[in-house]
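Input: a single structure, listed below in structure tokens.
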Amino acid sequence: MPPKKKTKKITKKNPEKSENDLEAKYRRSILDVAILQDHIALQCESAIKVQSDRNDLRRRLRDMEQKLQHERQDHRDVNSDLSRQYKTMQTELTNKAKRMEKEVSQLKEDLVLCQEELRKEKREREQVQQEKDAIIADLQHKLDNMETDYEKILHETLDSLTSQLSVARRGWEDKSTTLHQNYKELLSDFGLNALHIEKTNESSCFSH
Numbered sequence: 025m026p027p028k029k030k031t032k033k034i035t036k037k038n039p040e041k042s043e044n045d046l047e048a049k050y051r052r053s054i055l056d057v058a059i060l061q062d063h064i065a066l067q068c069e070s071a072i073k074v075q076s077d078r079n080d081l082r083r084r085l086r087d088m089e090q091k092l093q094h095e096r097q098d099h100r101d102v103n104s105d106l107s108r109q110y111k112t113m114q115t116e117l118t119n120k121a122k123r124m125e126k127e128v129s130q131l132k133e134d135l136v137l138c139q140e141e142l143r144k145e146k147r148e149r150e151q152v153q154q155e156k157d158a159i160i161a162d163l164q165h166k167l168d169n170m171e172t173d174y175e176k177i178l179h180e181t182l183d184s185l186t187s188q189l190s191v192a193r194r195g196w197e198d199k200s201t202t203l204h205q206n207y208k209e210l211l212s213d214f215g216l217n218a219l220h221i222e223k224t225n226e227s228s229c230f231s232h
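The opening position of the sequence shown corresponds to residue 25 in the numbering used here, with each subsequent residue numbered one higher.
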């Protein structure tokens, strides 16, 4: 069976009610427009604030980028200065180490020369000491020989002098005896007593 067609019920509208509905719609529309305008104003303010915040953020970002750039430049400058100082110090230390190595090498050479000179001087001093000891020993030997010779010569001289003195004393005694005898004979020739004269001389000597 074919579907039944719906019949549209046509009602007759009230003019006053339609006018009131239209006014209500108009008022709602005005209210909606006002709300929409307020919403748009809020959106604009939000957009302006967002734009301002964005601009502020961009400015702060530029400032931070500039600051970071300056810090990077300062960091590069510091690194460059430190690198330069490090290279300078490294060069100075390298040169100082080379100088010290040369000085140590020279000191070692000087030490070897000094040790050689010391050994040479020690050998010469020992040789001089040996020669001096040999000379002293030789002189002591000669001195001992000279003392022996002097003692021998002294004894021989004393013996000779003693012998000569004995001979001379015997000669003097003989001459004295002869002279005394001649003196007695001469006094006897003059009639004098020699013994009496000797006693007189002795008494005269004691009186003086």
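Even for Gly, the Cβ is constructed at its ideal location relative to N, Cα and C.
- A straight line joining the alpha-carbon of Leu189 with that of Glu171 spans about 25 Å.
- Asn206 and Asp173 have their alpha carbons spaced roughly 47 Å apart.
- Excluding sequence positions up to five before and after Arg108, its CB lies less than 6 Å from no other CB in the same chain.
- Taking the CA atoms as reference points, Lys111 sits about 12 Å from Asn119.
- For Lys156 and Lys144, the gap between their C-alpha atoms comes out near 18 Å.
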